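Here's the structure, in C-alpha cells; my notes come after.
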Amino acid sequence: MAHDEKKKKKFKAIIIGGGPVGMYLAHALPETGIDYVLCEKRDSIPPPTALGLFLWPHGLRLLHQVGLIDQTEAISSSLTKITHVGPEGDIVRDYSGFGFIQLAHGYPVRMFDRASLGKMLYDTLRAPETHICTNKQLVEIERRVGGVTAIFAGYRAVFGRAPIPQSQQGTSSSSSSKSLLQPERQVEFHRDGALLQLFTSKHEVHFISYLKLDQSRRERRGFSTDIDEADEAIAPWLDTRVAQDVTFRDLWQTKAAAGGANLDEGVVRMWNWGRMVLVGDAAHKVLPNQGMGANGGMESAASLVNQLTALLPHEPEPNTAELRQAFAAYQAERQGAMAAYRRMARDELDGWTRSGGAGGPPLDALRAADVLISPMVARAVRLDAVPFPEERKRVLALGVQGACGGGEGGGGWAEIVRRMVGANG
Ligand SMILES: Cc1cc2nc3c(=O)[nH]c(=O)nc-3n(C[C@H](O)[C@H](O)[C@H](O)COP(=O)(O)OP(=O)(O)OC[C@H]3O[C@@H](n4cnc5c(N)ncnc54)[C@H](O)[C@@H]3O)c2cc1C
C-alpha cells in the first residue's frame, strides 16, 4: 500500500447505499487505506431486481484493479454482436462491433444480472459484517444539502428477463440460424417512438423496452413490478418475432421477473455540501440505453478516492474546507464527462426511436456515439494509488481496419480503432 496507514486511521467514510457504485467504493476505499462503513436501506445487498447490467471496459478495468476480474468473469457473459431490426422486421444492420471493443480497450463488454453482481461484490469484501449495515436507512443529515435538479427525459422503460425458449437453446453464435436469441448478441428492434433491446446470455434473455412519452405526459412514475401486457411500453412489441417461432409475447409470458419506471436523467449542479459528497446516480443520472450509468458512477467513485488519497497523507484529519477542495476537484474531473454521457445517451435514444424513413432507424446516431465514447473509455479514471501492472492493454492487430471497415456500418469501428491510436497509444 502506497500510503501511511497510521496517518489515515482517523478518517472514515460513511457510504449511503449499497448499489453498484456504493459497493465499488467499499472495495476501492480500503485498497487505498481508507476505512468506511456502508448503510443500505434494503435488507440485503444483492437487489431483488429484474434488471440486467452491462459493464464496459472501464468498469471492468476498475474491478480488475481491485482484484475482482476472475470473480467478475465467472458471473457474466460477454457481448460481441449487435443486430438492428427495422419496423418491418427487416435486419438493417448486423455487425460484430462489440467484439472490437476488446481489441480497442483490452476488456470486452460483459453482461450481468444485478443480484449476482451484488452478491459477488458483497462476498469479496474484507470483513463485510463489520463494515456493511443493512436495514439502515438514512433519514436525515444534520446539514442541509442543496437542491437536486431532475430532468424528466420523457421515456418509459419496462425491463425484465426470461429463460431462452427451449426451441432456441443450443443455437450457437456462429451458426447461420435465423435466431436472434444467440448468446453474446444484442438485438435492437426499432419503431417510431419505441425501442426494444434484447441481450442474450448463456441462459437468459434480458429485455428493455423504451417508449417515448409526449411532452404532456412526463409524469413521475417510480419503479414498479406491477406490469402487465397492457402496459404501453409492452403492448406494441407483443407480436414482434424475436426468433423463428418465438414472439416477444412468448418471452413476456415466461419471464422470471419484470419491472418498469418512467426514466429521469440529469447532472446535479452541486455535488458536495460541507463534508457530504454525491457519487453515482445521486450526482449524475443518464438514460440506460448505452449502459453507462453504473460504469460512469464507478469511475466517479474512483476519481473521488483519488482526491482523498492525495489529501489524506498531508491532512489525516482534514477540516471541512480541505475536504471541500478535494470534492470540488473530483466534481471538476467528472461533471463534464457525465454531462457528455448524458447527452450522448439522450441523443442516441432520440435517434433510435425515430423511424428515419425508408433507411430504417438513424444508425448515424449509433456511429457518432461509438466514435465519441471510445476515447472516453480509453482515458477513463483508474485508482492512482493502487499499482496495476496486470492491466490488460489494447491489442491493435495489423489489418484490423480492413477487417472491421467493410460492410454496412463497419466504417464506425475502423474509425474507432484509428482514433484509439491517438487516445491510448
Ligand atoms: C433499465 C435500466 C438499465 C440500466 N442498464 C445499465 C447498464 O447496462 N450499465 C450501466 O452501467 N448502468 C445501467 N443502468 C444505470 C444503473 O442502474 C445506475 O447508474 C446504477 O445503478 C447507479 O448505481 P448507484 O449505486 O449510484 O445507485 P443505485 O443503484 O440506485 O443504488 C442506490 C442504493 O442506495 C440505497 N438507498 C437509497 N436511499 C437510501 C437511504 N436513504 N439510506 C440507505 N440506503 C439508501 C438503495 O436501496 C440502493 O441500494 C441502467 C438503469 C436502468 C433504469
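Take the sequence shown: its position 44, counted from the start at 1, is 44 in full-length UniProt numbering, and no numbers get skipped.
Glycine is no exception: its CB is placed at the ideal position from the N, C-alpha and C atoms.
Note that the structure is predicted; figures quoted are calculated from it, not measured.
Inclusion of Leu79 and Met111 in the CB contact set at 7 Å is warranted, their separation being smaller than that value. Here the C-alpha atom of Leu117 lies approximately 16 Å from the C-alpha atom of Met292. Here Asp90 is exposed, its C-beta having fewer than 16 other C-beta atoms within 10 Å. Annotated three-state conformation of Gln186 is strand, per DSSP. Pairing Leu62 with Arg114 gives a Cβ-Cβ distance that is not under 7 Å. The way I'd put it, the region 375-388 does touch the region 55-75; three or more beta-carbon pairs between them come closer than 8 Å. The nearest non-hydrogen atom of ligand 1 is 6 Å or more from the C-beta of Ala104. At a cut-off of 6 Å, the beta-carbon of Cys133 does not count as near ligand 1: no heavy atom of the ligand is closer than that. Setting aside the 5 residues that flank it on each side, Ile101 is surrounded in the same chain by Pro57, Pro108, Val109, each with a C-beta closer than 7 Å to its C-beta; the list follows chain order. Within the same chain, Cys39, Leu138 come within 6 Å of Ile16 by CB-CB distance, once the 5 residues on both sides are set aside. In this structure, Gln168 sits away from Leu180, with a CB-CB distance that is not shorter than 7 Å.
Ligand 1 never approaches Pro48 closely enough for any of its heavy atoms to be under 6 Å from the residue's Cβ. The continuous beta strand (DSSP E) containing Thr200 extends over residues 194-200. Around Pro20, the same chain offers Ala294 as residues with beta carbons nearer than 6 Å, after the five sequence neighbours per side are excluded. Ser77 and Val242 have their alpha carbons spaced roughly 20 Å apart. In this structure, the C-beta of Arg161 stays at least 6 Å away from each heavy atom of ligand 1. Around the beta carbon of Lys81, a 10 Å sphere encloses 16 or more other beta carbons of the protein chains shown; the residue is thus reported as buried.
Within the region 212-295, the runs of beta strand (DSSP E) at least 3 residues long that lie entirely inside it are, in chain order, 241-243, 257-267.
Inter-segment contact for the region 23-38 and the region 124-134 is present: three or more beta-carbon pairs are separated by less than 8 Å. The Cβ-Cβ distance between Glu265 and Arg343 does not fall below 7 Å.
Here the distance from the Cβ of Gln335 to the nearest heavy atom of ligand 1 is not below 6 Å. In terms of CA proximity to Ser374, Ala104 leads the group Glu184, Lys12, Ala104, Arg42. The criterion of a C-beta distance shorter than 7 Å is satisfied by Gln331 and Trp271. Closest in alpha carbon position to Gly193, among Arg392, Trp352, Phe388, is Trp352.
A check of alpha carbon separations from Asn289 across Gly106, Asp228, Ile208, Asn135 identifies Ile208 as the nearest. Taken atom to atom, the span from the alpha-carbon of Glu348 to that of Ala340 is near 12 Å. For ligand 1, a non-hydrogen atom lies closer than 6 Å to the CB of Gln137. DSSP places Ala13 in the uninterrupted beta strand (DSSP E) bounded by 12-16.
The DSSP-derived three-state label of His203 is coil.
Just measuring C-alpha positions, the residue of Leu251, Leu213, Glu333 sitting nearest Thr200 is Leu251. Here Pro165 is actually not in contact with Glu204; their C-beta atoms are around 11 Å apart, not less than 8 Å.
At least one heavy atom of ligand 1 is found less than 6 Å from the C-beta of Arg42.
Non-local C-beta neighbours of Leu211 in its own chain, meaning closer than 6 Å and more than five positions away in sequence, comprise Arg156, Ala194, Glu232, Ala233, ordered along the chain.
Secondary structure of Leu372 (DSSP, three-state): helix. With a 10 Å radius around the Cβ and a threshold of 16 neighbouring Cβ atoms, Asn306 comes out buried.
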